[in-house]
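Only one structure is covered here, and it is reproduced in the block below.
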Amino acid sequence: MELTVLGCDGSWPGPGGTGSSYLLTSDGFHLVLDLGGGALGRLQEHIGIADIGAVCVSHAHHDHYADLFPLSIARYCGGLGAPGLQVLVPRGFFDRVSDALMPGTEEAWSSAFDMRTLSGGDEHAVGPFSIQTFNMAHANASLGFRVSADGSVLAYTGDSGPSGVVHDLAAGADIFLTEATHVDGGEKDFHLTARQAARYASEAGVGCLVLTHIEPGVDPAVSLVQAREVFDGPILVAHPGLRV
């Protein structure tokens with residue numbers, strides 16, 4: 093299983109930045125975790141739009157799903173892929189985002205996507221990937237994904253504040269892809285700091301920690317230093333194009 097970071101900015105994009113999006117590839121199958129603003133363009137630096145096998149969306153905040161809209165147009169109007177792309181979303185997702193559909197594009201959305209609703213505790217298989225879902229401490233119906241393939245496990249928090257569920261999600265994962273929106277002094281109930289993320293990584297015994305969703309204006313070098321004070325395993329800071 094290979095991880096390619098497409099976008100990783102937290103909450104809003106910085107200059108030249110891209111919303112959250114991560115490409116997982118195994119046995120030639122491409123699974124996309126989140127598709128924030130600008131991610132569809134980044135994705136095409138690696139694979140074609142028609143090559144997407146499935147999409148998982150963690151929650152209904154724009155920086156994690158905004159490029160579903162152009163994706164639906166590309167597949168429906170542009171013919172870039174067969175109808176019915178499997179899109180896995182939290183409960184209530186479509187109700188929250190449907191008002192943002194441009195008039196006349198509802199048919200593109202319904203034709204392009206086969207929307208499947210997931211709740212925390214569900215298990216789902218797509219291509220070579222097995223996916224377990226976790227309810228995260230963020231907005232209503234925010235999911236974390238524990239993805240297994242090729243004997244490897246990647247745990248992705250989506251967005252989350254401090255919670256024992258983060259530990260459960262990450263336990264023993266080979267790659268822990270975790271939000272680290274803030275640094276010391278910026279603690280919130282609904283986001284993690286780099287230090288908090290690293291503490292979960294240490295307690296959960298993960299193989300490699302990947303810090304992502306760092307808010308523009310936060311120095312990633314500071315995030316890295318604070319994480320290293322807690323976790324002594326390999327740590328990477330996400331950036332577009334990073335491969336793990």
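Residues 93 to 336 (this note's numbering) make up the sequence shown, in order.
Beta carbons are placed, not taken as given, at the ideal position from N, Cα and C, and that holds for glycine.
Note that the structure is predicted; figures quoted are calculated from it, not measured.
My assumption, with CB atoms under 8 Å, is that residue i sits in contact with residue j. Please give the rounded CB distance.
| i | j | result |
| --- | --- | --- |
| GLU321 | GLY102 | With a Cβ gap of about 21 Å, GLU321 and GLY102 do not count as contacting. |
| GLY253 | LYS280 | 6 Å |
| GLY337 | ALA233 | Nothing about residue 337 can be read from this structure; the chain reaches only from 93 to 336. |
| ASP143 | HIS122 | 6 Å |
| LEU95 | LEU269 | 7 Å |
| LEU98 | LEU115 | 6 Å |
| PRO182 | LEU210 | 6 Å |
How would you write the range of the beta strand (DSSP E) that residue i sits in, first residue to last?
| i | result |
| --- | --- |
| SER222 | 221-227 |
| ALA131 | From DSSP, ALA131 is part of no beta strand (DSSP E) but of the alpha helix (DSSP H) over 131-135. |
| ILE144 | 144-148 |
| GLY99 | 94-99 |
| GLU215 | 215-218 |
My output table needs one value for residue i: the three-state DSSP class, helix, strand or coil.
| i | result |
| --- | --- |
| PRO326 | coil |
| ARG183 | coil |
| SER244 | strand |
| ALA289 | helix |
| ILE165 | helix |
| SER203 | helix |
| ILE306 | strand |
| SER190 | helix |
| LEU123 | strand |
| GLY160 | The question names Gly, but residue 160 is Leu in the sequence shown. In the structure shown, LEU160 sits in a helix (DSSP, three-state: H, G or I). |
| SER211 | coil |
| SER252 | coil |
In the DSSP output, what is residue i paired with across the bridge?
| i | result |
| --- | --- |
| HIS259 | Paired residues: none, contrary to the question. |
| ALA300 | Looking at the sequence shown, residue 300 is not Ala but Cys. According to DSSP, CYS300 bridges with ILE267. |
| ALA231 | ALA231 pairs with nothing; no bridge assigned. |
| THR273 | According to DSSP, THR273 bridges with nothing at all. |
| VAL239 | ILE223, LEU246 |
| SER113 | GLY99, LEU127 |
| LEU172 | Partner(s): none; LEU172 has no beta bridge. |
| LEU177 | PHE205 |
| SER118 | PHE121 |
Between which two residues does the alpha helix (DSSP H) harbouring residue i extend?
| i | result |
| --- | --- |
| VAL314 | 312-320 |
| HIS154 | 154-157 |
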